[in-house]
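Student: Supplied in structure tokens, the structure appears directly below.
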Amino acid sequence: MSVVFLRAVILYILLIFTVRLMGKRQIGELQPSELAITILISNIATLPVEDTGLPLLTGIVPIVTLASLDVIMSWLGMKSRLVRRFTCGKPVIIINNGVLDQKSMRSIRFTIDDLSESLRSQGIFDISEVQFAVVETTGKLSVYQKYKYRGVTNEDMELKKKDSDPPDIVISDGELVPEVMERLSVSSEWIDNTLRRERTSVKNVFMMTVSPDKKYSIILKN
Amino acid sequence: MSRVITAISIITAIIAYSVFAIFVIRSETSELISSADEVRMYNNSGDTANAADAAERLSDKWLGFEKKMSVFVRDDRLTELSKAISKVRPYVTAANDELNAELENISRQLWLLYRSELPAWYNIL
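Sequence order for the protein chains is E and Z. Under our numbering, think of the first position of the first sequence as 492, with each following residue one higher. Under our numbering, think of the first position of the second sequence as 18, with each following residue one higher.
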């Protein structure tokens, strides 16, 4: 039993390392090859835990090899379009100029139901609203609507305001977040003075956000 | 870029470790096969005392080798070899007819163990 426990602990640490090595990606954003590798790694990881007769290395070696190859292929994909095509495929245009390209749909086995579902999930219930649509390499549909169906933008309304980054968290659960403070050029003195004005202190703050123009909001701990 | 360097380092380390493992297994299996041959030689010449000593040495070497090999090889394959090697000394002392067959079995299994670690097409496919 202790062998299984220790193996599970080792593999847990290894999997965290492997996932960190592969980088951050949402499951829905995984490329097909990345998804296959993720499933493969999770399957391999179970083998030496289930079967103590197997050396742990028979689990560790393929896991780190697959993750490393994935990282190397991603890097090569950044350098070479050809490698990118090979590992990720290419996006396929299925609606061009408002016209459905049935041949392209057949080539990627994308059904009418898939198309309707993807459009509905983006709030489009009438295909005639679509000017241009692409099935991305992740299988997600990207849609560009016809001009008359697109939302009104600030530019359309000729509203002018300076672009700025959104507010970010400088105090999280009573603790300062130095990297955000540095990015927003917020000093701890400024935070102390601000909190003094609000008659509180850092350890009593549940969350404090600050925008680049130094507007802030504070949520106190209960 | 640090991820790529880490990944390349890991792959390099695994390749280096695999090559190292092959050399370790080759040298250890050769040594054990020589020990088995030694037992056979003494036994065939009727020198039971030396054959028993050689069998003891074979058993001792195997204990060390088994631990090292358990890092690379499935447990059941090593168990089979352990069973076979544990029979050698009793067979020598009892002058059992099956000793040569058992020693041949041990040599063969050791050779197969080494062969299974080689990155040859018949192991890969």
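Think of the CB as a built atom: it goes at the ideal place given N, C-alpha and C, for glycine as much as any other residue.
Using a Cβ distance threshold of 8 Å, determine whether the segment 646-656 of chain E contacts the segment 550-558 of chain E, with at least three qualifying pairs required.
Tutor: Output reads no: the segment 550-558 of chain E does not touch the segment 646-656 of chain E.
Student: Please state whether the Cβ-Cβ distance between Z/L49 and Z/L127 is less than 7 Å.
Tutor: As a position in the second sequence, residue 49 of chain Z is number 32, starting the count at 1. As a position in the second sequence, residue 127 of chain Z is number 110, starting the count at 1. Taking 7 Å as the Cβ cut-off, Z/L49 and Z/L127 qualify as a contacting pair.
Student: From which residue to which residue does the beta strand (DSSP E) around E/T700 run?
Tutor: Here residue 700 of chain E is taken as the residue at index 209 of the first sequence, counted from 1. Counting along the chain, the beta strand (DSSP E) containing E/T700 begins and ends at 696-701.
Student: What is the DSSP secondary structure of E/F623, counted as helix, strand or coil?
Tutor: In the first sequence, residue 623 of chain E corresponds to position 132, counting from 1. In this structure, E/F623 counts as strand in the three-state DSSP scheme.
Student: Using a Cβ-Cβ cut-off of less than 8 Å, list which residues of the segment 77-95 of chain Z approach chain E; keep chain order.
Tutor: So the list reads S87, V88, F89, V90, R91, D92, D93, given in the order they occur along the chain.
Student: For E/S533, tell me which candidate among E/L545, E/V510, E/D542 has the shortest Cα-Cα distance.
Tutor: Here residue 533 of chain E refers to the residue found at position 42 of the first sequence. If we check each option's Cα against that of E/S533, E/V510 comes out closest.
Student: Taking Z/S26 as the reference, give the member of E/S559, E/E608, E/I585, E/T628 with the closest Cα.
Tutor: For this step, residue 26 of chain Z is matched to residue 9 along the second sequence. Residue E/S559 is the option with its Cα nearest to Z/S26.
Student: Please report the distance separating the alpha-carbon of E/R498 from that of Z/V21.
Tutor: Here residue 498 of chain E refers to the residue found at position 7 when the first sequence is read from its first residue. Here residue 21 of chain Z refers to the residue found at position 4 when the second sequence is read from its first residue. Spanning the two alpha carbons is a distance of roughly 27 Å.
Student: From E/P703 to Z/F37, what distance separates their C-alpha atoms?
Tutor: As a first step, residue 703 of chain E is located in the first sequence; it is residue number 212 there, counting from the start. As a first step, residue 37 of chain Z is located in the second sequence; it is residue number 20 there, counting from the start. Cα to Cα, the separation comes out at about 56 Å.
Student: Of all the options E/K706, E/R600, E/T602, E/Q636, which has the alpha carbon lying nearest to the alpha carbon of E/D617?
Tutor: The residue labelled residue 617 of chain E in the question sits at position 126 within the first sequence. Per the Cα distances, E/Q636.
Student: If you follow the alpha helix (DSSP H) that E/L512 is part of, which residue opens it and which one closes it?
Tutor: As a first step, residue 512 of chain E must be located in the first sequence, where it is residue number 21. Note, E/L512: alpha helix (DSSP H), 493-513.
Student: How many Å lie between E/M596 and E/L650 at the Cα?
Tutor: On the first sequence, residue 596 of chain E is found 105 positions in, with the first residue counted as 1. On the first sequence, residue 650 of chain E is found 159 positions in, with the first residue counted as 1. Cα to Cα, E/M596 sits roughly 40 Å from E/L650.
Student: Does the beta carbon of E/I528 come closer than 7 Å to any beta carbon on chain Z?
Tutor: Taking the first residue of the first sequence as position 1, residue 528 of chain E is located at position 37. Cβ-Cβ to chain Z under 7 Å: no for E/I528.
Student: Beta strand (DSSP E) containing E/I585: first to last residue?
Tutor: Translated into the one-based positions of the first sequence, residue 585 of chain E becomes position 94. Counting along the chain, the beta strand (DSSP E) containing E/I585 begins and ends at 583-587.
Student: Are the segment 576-590 of chain E and the segment 618-627 of chain E touching by the rule of at least three beta carbon pairs closer than 8 Å?
Tutor: Taking 8 Å as the limit for Cβ pairs, the verdict is that the segment 618-627 of chain E does touch the segment 576-590 of chain E.
Student: Could you check the C-alpha separation between E/T685 and E/E666 for me, to the nearest Å?
Tutor: Here the question's residue 685 of chain E lines up with position 194 in the first sequence. Here the question's residue 666 of chain E lines up with position 175 in the first sequence. If I take the Cα positions, the gap works out to 15 Å.
Student: Between the segment 566-584 of chain E and the segment 521-535 of chain E, do three or more beta carbon pairs fall short of 8 Å?
Tutor: With a cut-off of 8 Å, the segment 521-535 of chain E and the segment 566-584 of chain E count as touching, because enough Cβ pairs lie within range.
Student: What would DSSP say about E/L538, mapped onto helix, strand or coil?
Tutor: In the first sequence, residue 538 of chain E corresponds to position 47, counting from 1. DSSP places E/L538 in helix when its eight states are reduced to three.
Student: Check whether the segment 50-67 of chain Z touches the segment 108-120 of chain Z, taking contact to mean three or more Cβ pairs, one atom from each stretch, closer than 8 Å.
Tutor: The segment 50-67 of chain Z vs the segment 108-120 of chain Z: in contact.
Student: Return the residues of the segment 39-70 of chain Z that lie within a Cβ-Cβ distance of less than 9 Å from chain E, sorted by chain order.
Tutor: Against chain E - using a Cβ distance shorter than 9 Å - the segment 39-70 of chain Z contributes no residues.
Student: From E/F697 to E/L675, what does the alpha carbon distance come to, in whole angstroms?
Tutor: Position 206 of the first sequence holds residue 697 of chain E. Position 184 of the first sequence holds residue 675 of chain E. Approximately 19 Å, taken between the alpha carbons.
Student: Would you verify that the beta carbon of Z/V36 is, or is not, closer than 7 Å to some beta carbon of chain E?
Tutor: For the purposes of this step, residue 36 of chain Z is taken as residue 19 along the second sequence, with counting starting at 1. No, its Cβ sits nowhere closer than 7 Å to a Cβ of chain E.
Student: Grab me the residues of E/V634's own chain with a C-beta within less than 6 Å of its C-beta, minus the 5 sequence neighbours each way, in chain order.
Tutor: Counted from its first residue, the first sequence places residue 634 of chain E at position 143. Contacts found: Q613, V621, A624.
Student: Using three-state DSSP, classify E/L711 as helix, strand or coil.
Tutor: Working through the first sequence from its first residue, we reach residue 711 of chain E at position 220. Strand at E/L711.
Student: Strictly below 7 Å CB to CB, what residues from chain E border Z/R20?
Tutor: Looking up residue 20 of chain Z in the second sequence gives position 3. Within 7 Å Cβ-Cβ: L512, G514, V562.
Student: When you compare the CB positions of Z/W79 and Z/I42, do they come within less than 7 Å of one another, or not?
Tutor: Position 62 of the second sequence, counted from the first residue, corresponds to residue 79 of chain Z. Position 25 of the second sequence, counted from the first residue, corresponds to residue 42 of chain Z. Not closer than 7 Å, so no.
Student: Can you tell me where the beta strand (DSSP E) holding E/I662 begins and where it ends?
Tutor: What you label residue 662 of chain E is simply residue 171 of the first sequence in a count that begins at 1. Start and end: 659-663.
Student: Who are the neighbours of Z/A137 on chain E, taking C-beta pairs under 8 Å?
Tutor: Taking the first residue of the second sequence as position 1, residue 137 of chain Z is located at position 120. Near Z/A137 there are no residues of chain E at all, since even the closest Cβ is about 18 Å away, more than 8 Å.
Student: For E/V661, is the classification buried or exposed, using 16 other Cβ atoms within 10 angstroms of its Cβ as the cut-off for buried?
Tutor: For this step, residue 661 of chain E is matched to residue 170 along the first sequence. Under this definition E/V661 is a buried residue.
Student: Along the beta strand (DSSP E) that carries E/Y438, what are the first and last residues, could you check?
Tutor: Nothing can be reported for residue 438 of chain E: it is not among the residues displayed for chain E, which extend from 492 to 713.
Student: Going by C-alpha to C-alpha distance, which of E/E646, E/I535, E/A527, E/W681 sits closest to E/Y503?
Tutor: Here residue 503 of chain E refers to the residue found at position 12 of the first sequence. It is E/I535 whose Cα lies nearest to the Cα of E/Y503.
Student: Should E/S679 be labelled buried (16 or more other beta-carbon atoms within 10 Å of its own) or exposed?
Tutor: Locating residue 679 of chain E in the first sequence gives position 188, where the first residue counts as 1. Exposed, since its Cβ has fewer than 16 Cβ neighbours within 10 Å.
Student: In whole angstroms, give me the CA-to-CA distance for Z/E66 and Z/S99.
Tutor: Start at 1 with the first residue of the second sequence, and residue 66 of chain Z comes out as number 49. Start at 1 with the first residue of the second sequence, and residue 99 of chain Z comes out as number 82. Glu is not the amino acid found at residue 66 of chain Z; the sequence shown has Ala there. C-alpha separation (whole angstroms): 22 Å.
Student: Considering only residues of the same chain and omitting the five flanking positions on each side of Z/F89, which have a CB-CB separation below 8 Å?
Tutor: Within the second sequence, the letter at position 72 stands for residue 89 of chain Z. Result list for Z/F89: A38, I42, E134, in chain order.
Student: Taking the alpha-carbon positions, what's the Z/G81 to Z/L95 distance?
Tutor: The sequence position of residue 81 of chain Z within the second sequence is 64, counting from 1. The sequence position of residue 95 of chain Z within the second sequence is 78, counting from 1. Spanning the two alpha carbons is a distance of roughly 12 Å.
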